[in-house]
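Below is one structure, written out as C-alpha cells; comments come after it.
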Amino acid sequence: MDFDPFCPLGDSGIVVTLGDGIDSRTHEKVMALLGYLEEHPFEGMVEIVPGFTTVVVYYDPIRLFHLGVSFPYEWVLGKLKEMVSQFAGRKAGEARRVEIPVCYGGDFGPDLVEVASHNGLTPDEVIRIHSEAEYLIYMIGFAPGFPYLGGMDKRISTPRRRSPRLAIPEGSVGIGGEQTGIYPIESPGGWQLIGRTPLALFQPDENPPSLLRAGDIVRFRPVTQEEYVALGGAD
Amino acid sequence: MSVEVLQSGLCTTVQDMGRFGHQQHGVIVSGAMDTLALRLANRLVGNPENDAALEITLLGPKLKFHEDQLIAICGGVFSPMIDGKPVPSWRPVWVSGGSVLEFGQAKKGCRAYISFAGGIDVPQVLGSRSTYLRAEIGGFKGRPLKKGDSLQMNQPNDNSMQLIGLLANKRDRFPFVAADWYIGETMLPSYEKSIVRVIRGPQFDQFSQESRRVFFQQEFQISPQSDRMGYRLSGSRLELEQPLELLSEAVTAGTIQVPSDGQPIILMADRQTTGGYPKLGFVASVDLPILAQRKPGTTIRFKEISLMEAQQEMMKVEGMIKTFSRGIDLITRHATRS
Chain A
199 MDFDPFCPLG
209 DSGIVVTLGD
219 GIDSRTHEKV
229 MALLGYLEEH
239 PFEGMVEIVP
249 GFTTVVVYYD
259 PIRLFHLGVS
269 FPYEWVLGKL
279 KEMVSQFAGR
289 KAGEARRVEI
299 PVCYGGDFGP
309 DLVEVASHNG
319 LTPDEVIRIH
329 SEAEYLIYMI
339 GFAPGFPYLG
349 GMDKRISTPR
359 RRSPRLAIPE
369 GSVGIGGEQT
379 GIYPIESPGG
389 WQLIGRTPLA
399 LFQPDENPPS
409 LLRAGDIVRF
419 RPVTQEEYVA
429 LGGAD
Chain B
3 MSVEVLQSGL
13 CTTVQDMGRF
23 GHQQHGVIVS
33 GAMDTLALRL
43 ANRLVGNPEN
53 DAALEITLLG
63 PKLKFHEDQL
73 IAICGGVFSP
83 MIDGKPVPSW
93 RPVWVSGGSV
103 LEFGQAKKGC
113 RAYISFAGGI
123 DVPQVLGSRS
133 TYLRAEIGGF
143 KGRPLKKGDS
153 LQMNQPNDNS
163 MQLIGLLANK
173 RDRFPFVAAD
183 WYIGETMLPS
193 YEKSIVRVIR
203 GPQFDQFSQE
213 SRRVFFQQEF
223 QISPQSDRMG
233 YRLSGSRLEL
243 EQPLELLSEA
253 VTAGTIQVPS
263 DGQPIILMAD
273 RQTTGGYPKL
283 GFVASVDLPI
293 LAQRKPGTTI
303 RFKEISLMEA
313 QQEMMKVEGM
323 IKTFSRGIDL
333 ITRHATRS
C-alpha cells in the first residue's frame, strides 16, 4: 500500500483505508475489519461505518480521558493498528443473499423506455440485463437504507436526467450513470427510474433499520403489478 | 403536563444529543446543533443532559402552558417573554399554568433551547428522540412543530422536584418565578465570536498553496442556504492542486468539504452519513456550538488547531459542564436541607 492506512476524521473519528479502488478484495478486507470490530469493540468506540475502501471508526475522546488516556487519538490509533494486524488474512462472514422484487416499467418505471432507447435495446432487454446480474452492496449511505451497488452491466448505463425530479417515490429503482440503486424514502433525484419494489428498505421500527447491509449480494426479480400489490406495494 | 403550540416559529424541532449507532445503515445523527446549550438547559431543570428539548431557530414559537412547568432557556438571545414580562435565560424558571411564552427575533446567536422538567414525552426511535426531518421519524411526528400541536412532558424526576420546590414557594410573582442564580455568560463561549478552530483534513495538502493560505486568512460568509444539514460558505474560491476523484466514505460533524465550485460546505447535525468531496478540514467539536449560533449572512474566520489541542479543549468544556452541574446540585441540596 502506498498510502497511510490511518487518518484522523476530525477529533472523534479515524479513517482506516484498506485499498485504493472499488474491488472485491478491498471490499472483503473492509467487511472483515467491520466484523472484527463489531465482535471486539474497544473502550470508547461509538460506531463504525464501512465505505468502498474504508472503515470509519468513531470514538468518544471524553470517555477515554476519563479512563486516564492522555491523548485519545493516539490510543485509538494504537488499538486499531493492533487489530488490523490481527485480523489480516481473516475472512469476512458468508454474504447474505437478498432478492428484491421489482415491477418494471409503466408508471413505476417512467424512464425504462428512455434507458432502452439510449442503449439501443428494447425495454424487455433492459429488464433482463438488470435482473440477471448479481450486485454487491459496498456501503449504505446517502439516505437511510440506500445501498451503493456494484455490478451493473454497462450495456444499460444511462446518464442522469438533465433536470432532477423533485419527489421520487419510495421504493423506486433507478439508473444513474453506471450505477443502479433503490430510493428508500421519497427524495428528489436525477436517476432514470425503471421500476419500483414493494419492499421497505428503511424500517425505522426494526433493528437494524435497513433491510440491506454492506456486504449483501442483491438480485432483482421482475414481478407483475399484481404480485407487486400482493407483496404489499402501494400504487 | 402539556404545552400547546400557538405559533410554530421558523423551525422548532424536538432534539436530544442525537441518534448514534445507525450511521452504517444510512441513518443520520441529527440532534441539537448547539449541544452545549442543550446539555446545560437540561441540567438546569434537573434532567439528564441527553433529554429531549425544543430547538428554536431564528424566529421562536409561541407556547401556552396548560399547567405549572419548570423550564430553562439556553443558547441564543431571543428576548423571551412570559405574558409580556421578559424572562431571563440560563437558569431554571417556574412557569405558571395558563401563561404564554413567546420569543422575539434572534438578537445574538440563531438557536435557543427550551428544556422542560421531565423532558418532552415523544417516543424514542432507534435510540433517540431527535427529529430526523428527511425521513420523517423521531421528535414530534418526525416534523417541525405546527400551530395547534400539543407537547406532553414526562413526570419530573427527584432533582427536578427539588428545583421546583425551591421556586414554587415564591409563588407571589406571577406569571413566573426565575431562579436568582444562573450560568454566567462570561463562563460560556461567546456566540458573537467569529473565529472557528479547524483541524487539517486528509486532503488539506492537496489544495493549492494559495487556497491553504487564503483559507486561514480570509473571512467566509455563511450563505442564506445554510441549514441544519450544512453551512454553505462563500468567499475566495478554494482550489485543488490537481483534480481529485474520491470515493464516498463516512463523514463527521464539522467536516469542511469543498465541491468543485470551490465554495466550502461545513457539515452540521443533519448531514448525510457519507460524502465524496475533498475534505479540507474539520471544525473542532468544541467550536461546533459556536458555529451553530452564527447567523446566515455573518462571517467567520478559521484558525488552525492541532488534533491534540482539539481533544484537550473537549475535556475543558466537559470540566466546565461538570462544574456547573455540581453547582446546581449544591444549591438544590442546600435548599432542601434548610
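Residue numbers (our numbering), protein chains in the order written: chain A, 199 to 433; chain B, 3 to 340. All C-beta atoms, glycine included, are put in the ideal place defined by N, C-alpha and C.
Remark: C-beta atoms of Asp-209(A) and Met-316(B) approach each other more closely than 8 Å. In the structure shown, Ser-370(A) falls within a strand segment according to DSSP collapsed to helix, strand and coil. The three-state reading of DSSP puts Glu-57(B) in strand, counting E and B together.
Taking C-alpha positions only, Pro-261(B) is separated from Glu-251(B) by approximately 15 Å. The beta carbons of Met-231(B) and Asp-272(B) sit closer together than 8 Å. Straight-line spacing of the CA atoms in Glu-330(A) and Arg-353(A) works out to 13 Å. It is roughly 20 Å from the alpha-carbon of Ala-432(A) to the alpha-carbon of Arg-136(B). Proximity to Asp-258(A) across Pro-266(B), Thr-254(B) and Phe-67(B) peaks at Thr-254(B), based on C-alpha coordinates. Neighbours of Val-213(A) across chain B, judged by C-beta separation under 9 Å: Pro-204, Glu-251 and Ala-252. At least one CB atom of chain B sits nearer than 8 Å to the CB of Ile-383(A). With 16 or more neighbouring CB atoms inside 10 Å of its own CB, Arg-45(B) falls in the buried class.
Straight-line measurement puts the Cα of Asp-289(B) at about 51 Å from the Cα of Ile-327(A). Straight-line spacing of the CA atoms in Gly-343(A) and Glu-245(A) works out to 17 Å.
Contact check for Tyr-271(A) against Gly-393(A) fails: the beta carbons are separated by 8 Å or more. Close CB contacts of Arg-215(B) within its chain, under the 6 Å cut and outside five residues either way in sequence, are absent. Pro-204(B) sits in coil when the DSSP states are folded into three classes, being neither helix nor strand.
Shortest Cα-Cα distance from Gly-186(B) to any of Gln-107(B), Gln-9(B) and Ile-323(B) involves Ile-323(B). Here Ile-338(A) really is in contact with His-27(B); their C-beta atoms are around 5 Å apart, less than 8 Å. No Cβ-Cβ contact shorter than 8 Å links Pro-90(B) with Ser-81(B).
Val-255(A) places its beta carbon less than 8 Å from that of Leu-278(A). Separation of Gly-242(A) and Leu-262(A) (C-alpha to C-alpha, rounded to the nearest whole angstrom) is 6 Å. The shortest CA-to-CA distance from Asn-161(B) to any of Gln-259(B), Leu-128(B) and Gly-121(B) is the one to Gly-121(B).
Taking the Cα of Gln-126(B) as reference, the smallest distance to any Cα among Gly-140(B), Ala-34(B) and Gly-106(B) is reached at Gly-140(B).
In this structure, Phe-178(B) and Ile-84(B) form a Cβ contact; the two beta carbons are roughly 5 Å apart against a cut-off of 8 Å. Taking all protein chains shown into account, Phe-326(B) has 16 or more neighbouring C-beta atoms within 10 Å of its C-beta and is therefore buried.
DSSP places Thr-15(B) in the strand class (E or B) of the three-state scheme. Under the Cβ distance rule, Met-317(B) counts among the residues neighbouring chain A, one pair being separated by less than 8 Å. Annotated three-state conformation of Met-231(B) is coil, per DSSP. Around the beta-carbon of Gly-387(A), 16 or more other beta-carbon atoms lie within 10 Å, marking it buried.
The count of Cβ pairs closer than 8 Å, one atom from the region 278-295 of chain B and one from the region 189-206 of chain B, reaches three, so the stretches are in contact. Between Gly-256(B) and Leu-269(B), the gap from beta carbon to beta carbon is short of 8 Å.
For Thr-215(A), the secondary structure class from DSSP, reduced to helix, strand or coil, is strand.
Taking a C-beta distance under 8 Å as the contact criterion, Tyr-134(B) and Ser-32(B) qualify as a contact pair.
At a cut-off of 8 Å, the C-beta of Val-371(A) has no neighbouring C-beta in chain B.
If you check the CB distance, Ala-43(B) and Ala-55(B) come in under 8 Å. Counting along the chain, the unbroken alpha helix (DSSP H) around Lys-227(A) starts and ends at 222-237.
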